[in-house]
Amino acid sequence: MFFKILNKLSSRTNPNVKNHEIIFHNNRYETNPVKQSNLFANQFSSYSHEVQPIPLDYSAENEFLNKNIEFWELKRAISKTKNSTPGADNIPSIWFKKLDDASLLKILGMLQQQFDSSVLPKAWKHTIIIPIPKPNKDKTKVTSYRPIALTSVFCKIFERILAHCITHFLTSRKKLNPNQYGFLPFRDNHTAIYKIYSAISEARKSKEFFVAVSLDIKSAYDSVHVDDLILKCLQLGISGKVTKWIHHFLQDRSFQIKWRNFLSNPKTSFKGLPQGSVLSPILYVIFMNDFFETLDNNVECSIFADDIFVYCSHHSLTYIQTKIQNTLELIYKWCCYWKLTICPEKSAIIELSNKQVTSFPRITYAGIPLPWSESIKYLGIQFSKYNQNGHILRSLRNKALKKINGLKMLGYKRNGPRTKHLITITNNSILSLFFYSSPIINKFSDTHLKACNVIQTTALRIALGVPIWTPNVILLKLAGQEILSGKIKRLAMQFFIKQIATQPISALFHTPGRIYSQLVEKDAESLRITFRNLSCIPDHIISLPIFPHSNPNICEQGGHPTGKPGKPGIVREFRETGKSQGNLF
Numbered sequence: 184m185f186f187k188i189l190n191k192l193s194s195r196t197n198p199n200v201k202n203h204e205i206i207f208h209n210n211r212y213e214t215n216p217v218k219q220s221n222l223f224a225n226q227f228s229s230y231s232h233e234v235q236p237i238p239l240d241y242s243a244e245n246e247f248l249n250k251n252i253e254f255w256e257l258k259r260a261i262s263k264t265k266n267s268t269p270g271a272d273n274i275p276s277i278w279f280k281k282l283d284d285a286s287l288l289k290i291l292g293m294l295q296q297q298f299d300s301s302v303l304p305k306a307w308k309h310t311i312i313i314p315i316p317k318p319n320k321d322k323t324k325v326t327s328y329r330p331i332a333l334t335s336v337f338c339k340i341f342e343r344i345l346a347h348c349i350t351h352f353l354t355s356r357k358k359l360n361p362n363q364y365g366f367l368p369f370r371d372n373h374t375a376i377y378k379i380y381s382a383i384s385e386a387r388k389s390k391e392f393f394v395a396v397s398l399d400i401k402s403a404y405d406s407v408h409v410d411d412l413i414l415k416c417l418q419l420g421i422s423g424k425v426t427k428w429i430h431h432f433l434q435d436r437s438f439q440i441k442w443r444n445f446l447s448n449p450k451t452s453f454k455g456l457p458q459g460s461v462l463s464p465i466l467y468v469i470f471m472n473d474f475f476e477t478l479d480n481n482v483e484c485s486i487f488a489d490d491i492f493v494y495c496s497h498h499s500l501t502y503i504q505t506k507i508q509n510t511l512e513l514i515y516k517w518c519c520y521w522k523l524t525i526c527p528e529k530s531a532i533i534e535l536s537n538k539q540v541t542s543f544p545r546i547t548y549a550g551i552p553l554p555w556s557e558s559i560k561y562l563g564i565q566f567s568k569y570n571q572n573g574h575i576l577r578s579l580r581n582k583a584l585k586k587i588n589g590l591k592m593l594g595y596k597r598n599g600p601r602t603k604h605l606i607t608i609t610n611n612s613i614l615s616l617f618f619y620s621s622p623i624i625n626k627f628s629d630t631h632l633k634a635c636n637v638i639q640t641t642a643l644r645i646a647l648g649v650p651i652w653t654p655n656v657i658l659l660k661l662a663g664q665e666i667l668s669g670k671i672k673r674l675a676m677q678f679f680i681k682q683i684a685t686q687p688i689s690a691l692f693h694t695p696g697r698i699y700s701q702l703v704e705k706d707a708e709s710l711r712i713t714f715r716n717l718s719c720i721p722d723h724i725i726s727l728p729i730f731p732h733s734n735p736n737i738c739e740q741g742g743h744p745t746g747k748p749g750k751p752g753i754v755r756e757f758r759e760t761g762k763s764q765g766n767l768f
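In terms of our numbering, the sequence shown opens at residue 184 and continues consecutively.
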């Protein structure tokens with residue numbers, strides 16, 4: 184509730200007329216809610232049309248994926264199900280959470296029977312879609328809305344069981360490209376951003392050009408063809424009952440639009456991944472896995488969901504132009520083959536090195552020249568050619584100041600929220616912007632870190648309602664917080680320790696020939712201080728993950744976190760010199 188109010192107050196647009204009650208379509212205004220809902224249904228169903236089926240063979244059995252469902256898997260899936268709005272069957276998640284074990288065993292038998300027969304209830308394949316307006320778009324147009332789907336909670340529970348099994352199968356057997364991020368364990372946005380930032384820093388240190396292309400796939404989830412997806416699942420070894428169930432789950436789905444408490448006529452969907460489905464994210468990762476085959480030599484790519492970031496570094500700009508152009512031509516052929524569309528008008532290209540470029544080369548996609556930009560945004564971080572660190576900090580600061588202005592409107596002494604609620608808003612809405620980028624901001628200068636501290640103290644003074652001359656030490660004590668620059672360093676250390684501890688599956692250690700988790704001198708000193716102060720149990724720093732196929736003991740990890748071949752890693756150095764106190768983990 185507080186964040187919804189804060190976002191409204193921090194926005195400069197506050198229209199007096201509710202435009203969403205009036206829809207403009209075909210040069211006329213429509214006010215009838217039923218007709219409006221049908222307009223949305225026609226718009227969202229326009230993405231779907233019947234396609235020629237592909238002959239598929241499910242005969243191969245995968246014992247790991249097609250084993251019987253365990254009782255603990257069902258209980259874990261129910262416990263992780265959020266208390267969200269139910270689907271067409273109107274069964275909420277709280278109903279499942281209050282069932283006893285005897286009732287859950289009956290549900291387990293029902294799920295096992297459906298898994299064996301691949302026969303799904305109609306309610307599981309029916310979706311209620313609520314149109315949500317896109318930010319800064321004309322709310323009178325149906326194209327300015329994105330579909331938010333409400334699916335069956337019962338179906339989500341079973342999807343979560345399958346999604347966990349599929350994800351564990353793909354990651355444990357290393358079926359996926361290490362440069363795919365999102366919806367995978369230890370492949371979060373922090374890792375993706377840090378890898379891009381490290382690649383840019385490495386190119387600048389080597390005095391190379393660095394060219395990056397940001398590509399946007401049009402209606403990514405809605406453009407996936409079901410048979411093509413199932414074919415890719417079979418190629419990765421996902422076969423048997425699980426593939427057959429997924430195929431039936433995605434085929435011949437129906438949906439209705441709920442608009443102003445009215446439902447549209449039912450529509451049938453022939454392609455695309457259902458929005459709101461638990462399985463959709465991991466299935467989209469599978470669909471995009473062979474995208475990396477389009478990359479030319481020395482061209483790298485980072486994919487987070489539907490955000491594609493292609494980049495290349497070299498001493499010759501002509502060499503980069505040739506490599507990037509060849510890659511874009513292969514990407515175009517790949518998209519045509521798998522029936523995807525990339526919007527050139529929403530794509531951009533940028534050069535991010537420290538070198539001066541007198542004339543930018545012409546690089547095209549599908550014959551359309553890509554526009555060169557001075558800055559480019561990837562996963563919320565604004566990368567710029569000039570003063571990159573300052574540009575990133577400036578964009579974060581501008582976002583934070585807008586939130587602070589909204590916080591001022593909320594922070595009334597008499598009728599405003601309680602102080603603890605204002606502090607919660609400060610942490611989760613303002614300071615979280617800097618927590619998100621902590622692995623990168625940790626490398627900034629002390630001047631930049633002090634600028635981050637100013638944002639924190641400004642927001643806390645408003646939340647606590649104290650005078651502007653209140654000392655920062657007292658301010659932080661009243662709020663029960665540590666200084667922002669200190670927390671950024673602590674979060675960055677957690678990030679590095681986590682990557683070292685999970686080196687066998689960490690994305691930063693998978694790329695041959697390069698180690699992107701190379702520690703700068705400041706990082707190394709932070710780790711030395713951390714290990715020197717460790718007791719036997721480092722729970723106060725980070726909770727390390729434990730995997731049956733990996734050793735969580737970072738003292739036993741191979742590789743070279745320092746990025747220097749022939750030298751032991753920084754953790755191994757501590758073990759050999761005896762500076763660490765006993766067995767750390």
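We put the CB at the ideal spot given by N, CA and C, even for glycine.
- With a cutoff of 8 Å on beta-carbon distance, leucine 643 and leucine 658 are scored as near each other.
- The distance from the Cβ of phenylalanine 487 to that of tyrosine 328 is about 24 Å, inconsistent with a contact at the 8 Å cut-off.
- The shortest C-alpha to C-alpha distance from asparagine 266 to any of Ala346, Phe369, Thr334 is the one to Thr334.
- Scanning its chain for C-beta atoms nearer than 6 Å, with the 5 sequence neighbours on each side dropped, one finds around serine 447 the residues Ser220, Asn221, Ala224, Gln439, Ile440, in chain order.
- According to the DSSP assignment, alanine 488 belongs to no alpha helix (DSSP H), since it is labelled neither H nor E.
- Looking at the DSSP output, valine 482 shares a beta bridge with Cys495.
- Of all C-beta pairs linking the region 303-320 to the region 249-259, fewer than three are shorter than 8 Å, placing the two stretches out of contact.
- In this structure, aspartate 399 and isoleucine 525 form a Cβ contact; the two beta carbons are roughly 7 Å apart against a cut-off of 8 Å.
- Ranked by Cα distance from histidine 497, the options Ile683, Ala243, Asn625, Ile383 are led by Ile383.
- According to DSSP, residue pairing for arginine 211 in a beta bridge involves His208.
- Sequence-distant Cβ neighbours of asparagine 655 in its own chain, meaning closer than 8 Å and more than five residues away, are Asn636, Thr640, Ile666.
- With the rule of 3 Cβ pairs closer than 8 Å, the region 365-376 counts as touching the region 464-476.
- Straight-line spacing of the CA atoms in asparagine 444 and isoleucine 205 works out to 15 Å.
- A check of alpha carbon separations from valine 302 across Pro330, His408, Lys427, Phe207 identifies Lys427 as the nearest.
- Within the region 506-558, the complete beta strand (DSSP E) runs of at least 3 residues fall at 531-534.
- Separation of leucine 553 and glutamine 295 (C-alpha to C-alpha, rounded to the nearest whole angstrom) is 51 Å.
- For glutamate 246, the closest alpha carbon among the candidates Ile349, Ile311, Cys338, Leu456 is that of Ile349.
- Counting C-beta atoms within 10 angstroms of its own C-beta, proline 622 has 16 or more neighbours from the protein chains shown and is therefore classed as buried.
- Taking a cut-off of 8 Å on C-beta distances, the region 387-394 touches the region 524-542, as three or more cross pairs fall below it.
- Listed as beta-bridge partners of tyrosine 328 by DSSP are Pro316.
- Of the other Cβ atoms in all chains shown, 16 or more fall within 10 Å of the Cβ of glutamate 342; this residue is therefore buried.
- Of the candidates Leu291, Lys308, Ser485, Met471, Ser485 places its Cα closest to the Cα of aspartate 371.
- When beta bridges are read from the DSSP output, glutamine 297 appears opposite no residue.
- By the Cβ rule, the region 554-562 does not count as touching the region 583-599, because fewer than three pairs are nearer than 8 Å.
- Under DSSP, lysine 633 takes part in no beta bridge, so it has no partner.
- Inclusion of lysine 450 and serine 460 in the CB contact set at 8 Å is not warranted, their separation being larger than that value.
- Collapsing the DSSP output to three states places lysine 441 in a strand.
- Separation of alanine 646 and threonine 602 (C-alpha to C-alpha, rounded to the nearest whole angstrom) is 6 Å.
- DSSP places glutamine 664 in no beta strand (DSSP E); its state is neither H nor E.
- For a cut-off of 8 Å, the C-beta gap from alanine 690 to asparagine 472 is around 14 Å, too long to register as a contact.
- Around the beta carbon of tyrosine 380, a 10 Å sphere encloses 16 or more other beta carbons of the protein chains shown; the residue is thus reported as buried.
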